[in-house]
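Quick note, the sequences are listed as chains A and B, same order.
Numbered according to full-length UniProt numbering, the first sequence spans residues 1 to 445.
Numbered according to full-length UniProt numbering, the second sequence spans residues 1 to 445.
A short worksheet on the structure shown next.
Number of protein chains: 2
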Amino acid sequence: MTDYRRLRVALLGAGVVGSQVAALLRQHADELADRAGAHLEIVGIAVRDVDAPRAVDLPRELFTTDAESLIVGADIVIELMGGIEPARTYLLQAINSGADVVTANKALLATHGPEIFEAADQVGAQVYYEAAAAGAIPIIRPLRDSLAGDRVQRIMGIVNGTTNYILDRMDTEGADFADVLRQAQELGYAEADPTADIEGYDAAQKAAILASLAFHTSVPLDAVHREGITQIDASMIESARKAGYVIKLLAVCERVAEETGDEISVRVYPALVPREHPLASVHGANNAVFVQAEAAGNLMFYGAGAGGVQTASAVLGDVVSAARRHIAGGVGVGESTRANLPLLPFGKVNTQYQVTLEVADRQGVLATIATILSEGDVSIATVEQTVADESGDPLARVAADPRGIAKLVIGTHKAQEQNLSETVERLAASDVVDRVVSVLRVEGD
Amino acid sequence: MTDYRRLRVALLGAGVVGSQVAALLRQHADELADRAGAHLEIVGIAVRDVDAPRAVDLPRELFTTDAESLIVGADIVIELMGGIEPARTYLLQAINSGADVVTANKALLATHGPEIFEAADQVGAQVYYEAAAAGAIPIIRPLRDSLAGDRVQRIMGIVNGTTNYILDRMDTEGADFADVLRQAQELGYAEADPTADIEGYDAAQKAAILASLAFHTSVPLDAVHREGITQIDASMIESARKAGYVIKLLAVCERVAEETGDEISVRVYPALVPREHPLASVHGANNAVFVQAEAAGNLMFYGAGAGGVQTASAVLGDVVSAARRHIAGGVGVGESTRANLPLLPFGKVNTQYQVTLEVADRQGVLATIATILSEGDVSIATVEQTVADESGDPLARVAADPRGIAKLVIGTHKAQEQNLSETVERLAASDVVDRVVSVLRVEGD
Chain A
1 MTDYRRLRVA LLGAGVVGSQ VAALLRQHAD ELADRAGAHL EIVGIAVRDV
51 DAPRAVDLPR ELFTTDAESL IVGADIVIEL MGGIEPARTY LLQAINSGAD
101 VVTANKALLA THGPEIFEAA DQVGAQVYYE AAAAGAIPII RPLRDSLAGD
151 RVQRIMGIVN GTTNYILDRM DTEGADFADV LRQAQELGYA EADPTADIEG
201 YDAAQKAAIL ASLAFHTSVP LDAVHREGIT QIDASMIESA RKAGYVIKLL
251 AVCERVAEET GDEISVRVYP ALVPREHPLA SVHGANNAVF VQAEAAGNLM
301 FYGAGAGGVQ TASAVLGDVV SAARRHIAGG VGVGESTRAN LPLLPFGKVN
351 TQYQVTLEVA DRQGVLATIA TILSEGDVSI ATVEQTVADE SGDPLARVAA
401 DPRGIAKLVI GTHKAQEQNL SETVERLAAS DVVDRVVSVL RVEGD
Chain B
1 MTDYRRLRVA LLGAGVVGSQ VAALLRQHAD ELADRAGAHL EIVGIAVRDV
51 DAPRAVDLPR ELFTTDAESL IVGADIVIEL MGGIEPARTY LLQAINSGAD
101 VVTANKALLA THGPEIFEAA DQVGAQVYYE AAAAGAIPII RPLRDSLAGD
151 RVQRIMGIVN GTTNYILDRM DTEGADFADV LRQAQELGYA EADPTADIEG
201 YDAAQKAAIL ASLAFHTSVP LDAVHREGIT QIDASMIESA RKAGYVIKLL
251 AVCERVAEET GDEISVRVYP ALVPREHPLA SVHGANNAVF VQAEAAGNLM
301 FYGAGAGGVQ TASAVLGDVV SAARRHIAGG VGVGESTRAN LPLLPFGKVN
351 TQYQVTLEVA DRQGVLATIA TILSEGDVSI ATVEQTVADE SGDPLARVAA
401 DPRGIAKLVI GTHKAQEQNL SETVERLAAS DVVDRVVSVL RVEGD
C-alpha cells in the first residue's frame, strides 16, 4: 500500500446516504486512496443515537454523539444530517477550524448558502455539494466549472424523483393522484409526510441552487415561485396526452432579456412538456436537467435523483475532490455570484398557457371569451374541443355543440403571467364560463 | 470595473474553434473576469498565416506566427491547432514555462497524454481538456471528479457527430451510406476526407481519453479496438429496425471482472442498440455518453458533440477554471492512473451478436449451422427469417422455404469475440452457407 498522507474525515449523520458513504469509504479504501492521493480515514460518525439500527454494518466504535469534538482536527467534514440546525452550526465550525466541507444539504444551501460560502471564503476553505441537487447526476460541476465560460439561458429540470414517479405512473396507467401517492409511499418512493415533494418545496430548493450557479447570482429560496402537483388529476393528464404533452414538475431557471439588461426568473410548477422533448422520456423516479446555453446549445444530464447509494456516489466524488485539493494546497475557489442579476417578478414571466374551460353552449360564447383574452393581452394560438369531432371548424363546433356545456381548451401564444392570471379571473367571473377546469403552462415548445 | 489581477492568455490556432474562443473571450470580457476573479487578456494568437481569412472579426495586431514567443510569459496557453506536432512541443513548452494549459486536442491526448500529464505533474501545472471528448458536453469533469468516488462499470458513447448524422439519416430515410455521406459533406457535417470519422479513428481517440479517466488507467490509443461504419448498408439498417434496434457507432469502455481481478476493454464499432435505450434517440450530429457506475447507477450526458461555438464553450469553461486555479494557488491535480488495470484482449470480450446468413434451402441446414455454433461455444438465443411469415415455427420455415436461398438472422447469447469470429469463419466455409451477410454486436440490451 502506497505511503500516502492520511486525511481525517468526519462524518455527520448515518442515515440512508451517510451509512452508504461510510461503507463505501471503508470498502474501497485502497482504490480511493490511489485516486485521492491520500488515505481517507473515517475518524468518527456523529449521530443522535449510537445504538440505532443502521442500513449497513459499521464498527460501533466509530459512532459518537459528540459532533463538535469530531469536527475539531478533521481535514474533511461530510455533513449528511439534513435540516438547518444543527447542520449549519457544525458546517460553520468545520469551515472555521480549517476543514473542507462536503454536504448534500439542499435545504441548508438554499437558505444559508451565502453565509456558508462567505465563511469558506474568509478562511480559504472549499464547500462541495454535488449531491445537493439531482442526486447522483453530476450537475454542480458542469454548471460551476464546465459552463463557467458560457452564458446559460435556461434550465429545465426534473429534480424531484417522487413527483416524477407519481406523474409518470399517472401518465402510463391513467391512475389517480391519491392512489399513486399511496403506492409510492408503500414502495418507499414517497415519505409518510410527502409535503416537501408534492408541494414543490424540495424542487424549489434545488432550483435556487442551480439558478445561483447558472446565473452567477445568489438566488434566495423565497425568490423561487413554487406550485406543487396536488391539483393534477387523471383528466388533466389525459387531456395533456391527447394534445401531445406530458405533465412534469419542472424547475425552470431562465435568463430574460429586459430593456435594462438581463433579469432572471426561477420557478417550480407542473408544466406541459411536448412528448418529443427529451425531458418527456424521463420516467420513474429519475431526474434530468436540460440546459440551454448561448454557446454550448442544448445539453441534458440524466440519472438517479435520489437513493442512498446513488447519492453516496456524488458525496464520495466530492470527498475525493476535497482530498486532492488538500494535497494540492492553495485556497478554495469561492462561488461566482458577482453577476448579481435582478430577479424578474413572477407576474412578468412570459410563457405559453393551456387554459381549459367549461363554457355555456350558446351563440356568441366564443366571441365573448376571445374578447376577454384579447382585452387581457393574451393572444390565442389554438382552440380545441376536448371531445374530438373531425368535421368542421373547432370554433364553429363550439357554438354548434348540442349539449348545454362545451369544454374548450385554449392554447395561448406567449403571454405575461400577470395578464394571464387576471384574464383567467375575468373568465371565471364571466357568465359564459361555467368553470375554469385547469390552467397549465407549456414549457419546452 | 473591478480591479482584478490580469492573466495573460495565449491562443494557439484560430480555426473554427479558436476564432470563436477569441471572439467570446473579448465579447464577454467583463463577465468572464467576474467569474474567474481575473482579467483574461489575450496576449496573442499564433497562426500559420496572419492574413488568412477568419470566421470572426479579430484585431490584426493579435495575430503572430511566432508561437514560441507568445508562450513565454503566458499564464494560460490554449492549444487549438490540432494534430500532433507542433502542438505537442508547444504544450510542453507552455507547461515547462509555468502556464496552465487548455487543449481540445484529442489526437494528441490519446497518443501523448501520459507525456503531457507527467510534464504537468513535474512542475505542478494543470492540463484542462473538457473539449477533447464529446465537444460541448461536460463529460471530463464528471468522470474525473464527480465520479471519482465511484466505480465506473461501463461507458457507451456516441462520440462522433458525423457518423451519428450519417447513421441517423440512413435510419430515418432508408438512404444509402454513400448518398448520405455525400450530402453530409455538402452540408459541412463531414470533411472532404471523412476517414477519421467514418473509420472510427476520431471515436477511438475519445474512447481512449474517456476510458483513461473512468478506469484510472492510462489507456493507449492502440489498445482501442476500432471498426468503422463503411460496411453498413441500407438493408442492415432495415433489418435492425425490424428487430427493434438502431445501428449506432459506439465507443464502449468496459470493466470486466476476471478471475484475477478487473480488466478493461475499450472498443469502437457499429452496434445494434435497442430502440428503447436512451442512446437510440440521439439524433443528427448530437453526441451522448451513457455511463453505468456501481453506486450512481445509470447516467447520461447529452449535447452537441462538435461545432465551433459549442466546442468554444467547453474551452472557455476550462480557461475560467485555469484562471480560478491561478488565483487560488497550489499545484495542479494530476490525472489518476494508479489503478493501472490490465487490458482485456479483444478476443476475450463477451458480447451478444446478430449474425445474418444466406443459406441453402434444404433439409438439415439449420442442424448443420446449430452444430457449428455449438462447437464454437456460441449459444443461440433467437433464429428468425428476415422475410416475415406469421405461420409456423421459424426453424421449420427455413427448411420449408420454397426459394433456393433462405435468409437467417441468428441472435446469440453472450459469446466470446474470438469464439464468435472463428465460428463465423467456419460458417462462411460451410457448404450450407451461401454468404455471411453481416455480423453485428448488440450493446445496451
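Every residue gets a Cβ at the ideal spot worked out from N, C-alpha and C, and that includes glycine.
Q | Of the listed residues Thr2/B, Gln416/B, Val16/B, Tyr4/B, nearest to Ala312/B (C-alpha basis) | A | Residue 312/B sits at position 312 when you count from the first residue of the second sequence. Nearest C-alpha to Ala312/B: Val16/B.
Q: State buried or exposed for Gly83/A, treating a residue as buried only when at least 16 other CB atoms are found within 10 Å of its CB.
A: For the purposes of this step, residue 83/A is identified with residue 83 of the first sequence, where counting begins at 1. Looking at its Cβ environment, which holds fewer than 16 other Cβ atoms inside 10 Å, Gly83/A is exposed.
**Q.** As assigned by DSSP and simplified to three states, the class of Gly297/A
**A.** Residue numbering aside, residue 297/A sits at position 297 when the first sequence is read from its first letter. Assigned with DSSP and collapsed to three states, Gly297/A falls in strand.
Q. Beta-carbon separation of Lys106/A and Gln20/A under 8 Å?
A. Position 106 of the first sequence, counting from 1, holds the residue named residue 106/A. Position 20 of the first sequence, counting from 1, holds the residue named residue 20/A. No, the Cβ-Cβ distance between Lys106/A and Gln20/A is not below 8 Å.
(Q) On the DSSP bridge list, what partners appear for Leu272/A? (A) Along the first sequence, one-based indexing puts residue 272/A at 272. Leu272/A is bridged to Ile247/A, Val442/A.
(Q) DSSP three-state label for Arg54/B, please. (A) The residue you call residue 54/B lines up with position 54 of the second sequence. Of the three classes helix, strand and coil, the one that applies to Arg54/B here is coil, per DSSP.
Q) Taking Leu108/B as the reference, which of Ser239/B, Leu221/B, Thr65/B has the closest Cα? A) Locating residue 108/B in the second sequence gives position 108, counting from the first residue. Of the listed residues, the one whose Cα sits closest to Leu108/B is Leu221/B.
**Q.** Per-residue contacts from His216/A into chain B (C-beta, under 9 Å)
**A.** Within the first sequence, the letter at position 216 stands for residue 216/A. Residues of chain B passing the Cβ test: Glu31, Asp34, Arg35.
Q) With 16 other CB atoms within 10 Å as the buried threshold, where does Lys407/B fall? A) Indexing the second sequence from 1 puts residue 407/B at position 407. Lys407/B is buried by the Cβ-count criterion.
Q) Cβ of Tyr4/B within 8 Å of Cβ of Leu299/A? A) Your numbering for residue 4/B matches position 4 in the second sequence. Your numbering for residue 299/A matches position 299 in the first sequence. No, the pair does not count as a contact, with Cβ atoms beyond the cut-off.
Q: Can you give me, in chain order, the residues of the segment 126-141 of chain B that have a beta carbon less than 7 Å from any beta carbon in chain A?
A: Under the 7 Å Cβ criterion, the segment 126-141 of chain B contributes Glu130, Ala136, Ile137, Pro138, Arg141.
Q) What are the boundary residues of the beta strand (DSSP E) that includes His326/B? A) Translated into the one-based positions of the second sequence, residue 326/B becomes position 326. For His326/B, there is no enclosing beta strand (DSSP E); the enclosing alpha helix (DSSP H) covers residues 308-328.
(Q) Looking at chain B, is there any beta carbon in it that lies within less than 8 Å of the beta carbon of Met300/A? (A) Position 300 of the first sequence, counting from 1, holds the residue named residue 300/A. For Met300/A, the answer is yes, since a Cβ of chain B falls inside 8 Å of its Cβ.
(Q) Between Ala38/A, Ile137/A, Val127/A, Pro142/A, which has its C-alpha nearest Ala296/A's C-alpha? (A) Stepping through the first sequence from its first residue, residue 296/A is reached at position 296. Closest option to Ala296/A, Cα to Cα, is Pro142/A.
Q. What distance in whole Å lies between the Cβ atoms of Gly305/A and residue 491/A, which are believed to be in contact at a cut-off of 8 Å?
A. Nothing about residue 491/A can be read from this structure; chain A reaches only from 1 to 445.
Q) For the candidate residues Ile264/A, Ser235/A, His225/A, Asn164/A, whose alpha-carbon lies nearest to that of Gln176/A? A) Residue 176/A sits at position 176 when you count from the first residue of the first sequence. Reading the sequence as shown, one finds Asp at residue 176/A and not Gln. Closest by alpha carbon: Ser235/A.
Q) Whose Cβ in chain B lies nearer than 7 Å to the Cβ of Val333/A? A) In the first sequence, counting from the first residue as 1, residue 333/A sits at position 333. Within chain B, the residues near Val333/A are Arg324, Ala328.
Q | Residues of the segment 264-288 of chain B whose Cβ lies closer than 8 Å to any Cβ of chain A, in chain order | A | Pro278, Ser281
Q | Cβ pair Ala208/A, Ala293/A closer than 8 Å | A | Here the question's residue 208/A lines up with position 208 in the first sequence. Here the question's residue 293/A lines up with position 293 in the first sequence. For Ala208/A and Ala293/A, no; Cβs fall outside 8 Å.
Q) Beta-carbon of Asp197/A versus every beta-carbon of chain B: anything under 8 Å? A) For the purposes of this step, residue 197/A is taken as the residue at position 197 of the first sequence. Answer no: the Cβ-Cβ gap between Asp197/A and chain B never drops below 8 Å.
Q | Straight-line Cα distance separating Leu357/A from Gly411/A | A | For the purposes of this step, residue 411/A is taken as residue 411 along the first sequence, with counting starting at 1. For the purposes of this step, residue 357/A is taken as residue 357 along the first sequence, with counting starting at 1. For Gly411/A and Leu357/A, the distance between alpha carbons rounds to 11 Å.
Q.
Which of the three DSSP states is assigned to Val424/A in this structure?
A. Looking up residue 424/A in the first sequence gives position 424. It is helical.
**Q.** Residue range of the beta strand (DSSP E) that includes Tyr353/B
**A.** For this step, residue 353/B is matched to residue 353 along the second sequence. Where Tyr353/B is concerned, the enclosing beta strand (DSSP E) stretches over 350-360.
Q. Name the DSSP beta bridge partners of Lys407/B, please?
A. On the second sequence, residue 407/B is found 407 positions in, with the first residue counted as 1. Partner(s): Glu358/B.
Q: Could you tell me which uninterrupted beta strand (DSSP E) segments, each at least 3 residues in length, are contained entirely in the segment 117-180 of chain B, listed from first to last along the chain?
A: 152-158
Q: Could you spell out the range, first to last residue, of the alpha helix (DSSP H) harbouring Glu31/B?
A: Locating residue 31/B in the second sequence gives position 31, where the first residue counts as 1. It spans 29-36 - the alpha helix (DSSP H) in which Glu31/B sits, taken as one unbroken run.
Q. What did DSSP end up calling Asn222/B once you bin it into helix, strand or coil?
A. Reading the second sequence from its first residue, position 222 is the one you call residue 222/B. One detail in the question is off: residue 222/B reads as Asp in this sequence, not Asn. Asp222/B falls in the helix class under three-state DSSP.
Q: Tell me Gln416/B's beta-bridge partners as DSSP assigns them.
A: As a position in the second sequence, residue 416/B is number 416, starting the count at 1. Asn350/B, per the DSSP bridge assignment.
(Q) Residues of chain A with CB closer than 8 Å to the CB of Ala207/B, please, in chain order. (A) Position 207 of the second sequence, counted from the first residue, corresponds to residue 207/B. In chain order: nothing, as chain A lies at least about 20 Å away.
Q | Among Leu249/A, Gly376/A, Pro86/A, nearest to Gly228/A - alpha-carbon criterion | A | Within the first sequence, numbered from 1, the residue matching residue 228/A stands at position 228. The option with the nearest alpha carbon to Gly228/A is Leu249/A.
(Q) So, does the segment 432-444 of chain A touch the segment 260-276 of chain A, judging by three or more C-beta pairs under 8 Å? (A) Counting Cβ pairs under 8 Å, three or more are found: they touch.
**Q.** Same chain, Cβ closer than 6 Å to Val138/B, neighbours up to 5 away in sequence not counted
**A.** The residue you call residue 138/B lines up with position 138 of the second sequence. First, the residue type needs correcting, since residue 138/B is Pro and not Val in the sequence shown. Answer for Pro138/B: no residue qualifies.
Q. At which residues does the beta strand (DSSP E) containing Glu384/B begin and terminate?
A. For the purposes of this step, residue 384/B is taken as the residue at position 384 of the second sequence. Start and end: 380-385.
Q) Buried or exposed: where does His283/B fall if 16 or more other Cβ atoms within 10 Å of its Cβ makes it buried? A) As a working note, residue 283/B is residue 283 in the second sequence. Flag for His283/B reads exposed.
Q: Within 10 angstroms of the Cβ of Ala400/A, are there 16 or more other Cβ atoms? Answer buried if so, exposed if not.
A: Walking along the first sequence from the start, residue 400/A turns up at place 400. In this prediction, Ala400/A scores a pLDDT of 49, lower than 50, which makes its location untrustworthy; no coordinate-derived value is stated.
**Q.** Residue burial classification, Pro345/A (beta-carbon count within 10 angstroms, cutoff 16)
**A.** Translated into the one-based positions of the first sequence, residue 345/A becomes position 345. Exposed, because fewer than 16 other Cβ atoms sit within 10 Å of the Cβ of Pro345/A.
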